[in-house]
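S.K.: Input: one structure, supplied below.
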Amino acid sequence: IAGITQAPTSQILAAGRRMTLRCTQDMRHNAMYWYRQDLGLGLRLIHYSNTAGTTGKGEVPDGYSVSRANTDDFPLTLASAVPSQTSVYFCASSDSSGAGANVLTFGAGSRLTVL
Amino acid sequence: LAKTTQPISMDSYEGQEVNITCSHNNIATNDYITWYQQFPSQGPRFIIQGYKTKVTNEVASLFIPADRKSSTLSLPRVSLSDTAVYYCLVGTLWVTGGGNKLTFGTGTQLKVEL
């Protein structure tokens, strides 16, 4: 793999079910992010992580949780999915040093539909 | 965090130069300005980044005036393949222990026609 790998590519989920979106990077970037993208609303930050072992809340964290057990992986969990969480989810990472902190590498996205 | 404002959409023709301006009136001293490009069904892709004056790479130029309250992405001689959404992002340099909430606006939809 090169860059960021997200899985699944797409998923249809019944409301109330638990879902984990996986994100793995092989660039040894310290920082990782989860965004959701909805038509007309651009990209909105859900959660982020400075480094392994730490996480923080973004603009729209409610209903989502993350963990950062190691540098490479940053899974996003929906404990009990609701239809409003239907969206395209993008994972991203960046080098946390200086100006590189703002240069994000994105995955291809995970399209989630909650019925 | 500096809020950014961009035009919702722009139209152009092949071979023309396109300039997309982003306003960020409350930019902080340590903030960098970064532009991304996003094609349908793909994640955003880094285009260019700058702090002040002008930056140029093989893809685009970025013009930043002295007050840094706005920036302009310049795409020379666009082609159909430049049709995409362009995002301006203003973010603070990494602060130890503080984290970095990088937030995007709604972007500018550029449509290039023949």
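Those protein sequences? They're chains W and U, same order as listed. Taking this note's numbering, the leading residue of the first sequence gets 232, the next gets one more, and so forth. Taking this note's numbering, the leading residue of the second sequence gets -7, the next gets one more, and so forth. Note that CB positions come from ideal geometry on N, CA and C, so glycine has one too. Note that the coordinates shown come from a computational prediction; the quantities given were computed from them, not determined experimentally.
(1) Only counting the same chain, and skipping five residues up and downstream in sequence, which positions put a Cβ closer than 6 Å to that of residue 264(W)?
(2) If contact means a Cβ-Cβ distance below 7 Å, which residues of the segment 284 to 303 of chain W contact chain U?
(3) Using beta-carbon positions only, say whether residue 251(W) and residue 307(W) come within less than 8 Å of one another.
(4) Are the segment -4 to 10 of chain U and the segment 96 to 106 of chain U touching by the rule of at least three beta carbon pairs closer than 8 Å?
(5) Along the beta strand (DSSP E) that carries residue 11(U), what are the first and last residues, could you check?
(6) Do you know whose CA, among 47(U), 34(U) and 10(U), lies nearest residue 24(U)'s CA?
(7) For residue 339(W), go through chain U and note every residue whose CB falls closer than 9 Å to its CB, in chain order.
(8) Which residues in chain W have a C-beta closer than 7 Å to the C-beta of residue 95(U)? List them in chain order.
(9) Could you name the residues of the same chain whose beta carbon sits closer than 8 Å to that of residue 290(W), not counting the 5 residues immediately before and after it, in chain order?
(10) Report the rounded CA-to-CA distance for residue 259(W) versus residue 41(U), giving the unit in angstroms.
M.R.: On the basis of the coordinates in this document:
(1) Translated into the one-based positions of the first sequence, residue 264(W) becomes position 33. Correct list, in chain order: 279 and 323.
(2) Answer set for the segment 284 to 303 of chain W: 287, 289 and 290.
(3) For this step, residue 251(W) is matched to residue 20 along the first sequence. For this step, residue 307(W) is matched to residue 76 along the first sequence. In terms of Cβ geometry, residue 251(W) and residue 307(W) form a close pair [threshold 8 Å].
(4) By the Cβ criterion, the segment -4 to 10 of chain U is in contact with the segment 96 to 106 of chain U, since at least three pairs of Cβ atoms, one from each stretch, lie closer than 8 Å.
(5) As a working mapping, residue 11(U) is identified with position 19 in the second sequence. Here the beta strand (DSSP E) through residue 11(U) covers 10 to 15.
(6) Translated into the one-based positions of the second sequence, residue 24(U) becomes position 32. Proximity to residue 24(U) across 47(U), 34(U) and 10(U) peaks at 47(U), based on C-alpha coordinates.
(7) As a position in the first sequence, residue 339(W) is number 108, starting the count at 1. Correct list: 33, 34 and 35.
(8) Taking the first residue of the second sequence as 1, we reach residue 95(U) at position 103. Neighbours of residue 95(U) on chain W, chain order: 276 and 290.
(9) Position 59 of the first sequence, counted from the start, is the residue given in the question as residue 290(W). Within its own chain, the residues whose Cβ lies closer than 8 Å to the Cβ of residue 290(W), once the five positions on either side in sequence are excluded, are 275, 276 and 277, listed in chain order.
(10) As a position in the first sequence, residue 259(W) is number 28, starting the count at 1. As a position in the second sequence, residue 41(U) is number 49, starting the count at 1. Counting only the Cα atoms, residue 41(U) lies some 21 Å from residue 259(W).
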